[in-house]
Amino acid sequence: KVSACSAYDSCWAASEAAAANNYNTAVSISNDLKTQWNALKRIQCLLDVLVLSTSGDQTAALTECIQKSHSTDALTIVKPQVPGKETCVTGAKPEGCIL
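Numbering (this note's numbering), first residue to last: 43 to 141.
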């Protein structure tokens, strides 16, 4: 029974470390995607400026492109709630156990 608690502790620690690593990786990828999204939206805006017919319209539209901010809220990673570690009691018989 002591070895079961020890195995549980080891498994818990490994799972906790894996969850933290997965979260950090997801945040890193999300940050890269946010940068790419902003770049793509800026390029899209600049291409729209190029198709305008007059230079006066282009100047105003270019200024608007430069000042424009694009939301990346949809790409923000929310850290999931991890259930707490259960207490392992050696020698305790689980409820419903008839052995």
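The C-beta atom is built at its ideal place from N, Cα and C for all residues, glycine as well. These figures come from a predicted structure and were not determined experimentally.
T129 is not a Cβ neighbour of W79, given a cutoff of 8 Å. Going by DSSP, D99 is part of the alpha helix (DSSP H) stretching over 97 to 109.
K127 sits in coil when the DSSP states are folded into three classes, being neither helix nor strand. Taking K76 as the centre and dropping the five residues before and after it, the same chain places the C-beta of T114, L117 closer than 7 Å to its C-beta, in chain order.
A direct Cα-to-Cα measurement between L104 and L88 gives close to 7 Å.
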